[in-house]
Amino acid sequence: MTTAEYLIETADRCTRLAREGRELVANLEAVSNHLMAKAVQLDTIRDRNESRRQKRAVRSVRR
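To get the numbering used here, take the position in the sequence shown, counting from 1, and add 1.
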């Protein structure tokens, strides 16, 4: 393999890795967004349930 061939192969490999890296970043960002949305959903459900419990407790004290 000549020096020129080695450099071309190395450049091609770098380009391929850079593309794969960008795809990986995009996939990780998508997973992060999905997890954040799920966390917000769970937090909202928890808050709603806590609010309902508090309302029930107040009603039972009033009786």
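For each residue, glycine too, the CB sits at the ideal point set by N, CA and C. The structure displayed is predicted, hence computed values, not measured ones.
Cα-Cα separation between residue i and residue j, rounded to whole angstroms
{"i": "R23", "j": "S33", "result": "15 Å"}
{"i": "A58", "j": "I46", "result": "18 Å"}
{"i": "V62", "j": "D44", "result": "27 Å"}
{"i": "T4", "j": "T11", "result": "10 Å"}
{"i": "L29", "j": "H35", "result": "10 Å"}
DSSP-derived helix/strand/coil call for residue i
{"i": "T3", "result": "coil"}
Residues near residue i by beta carbon distance below 8 Å, same chain, minus five either side
{"i": "I9", "result": "none"}
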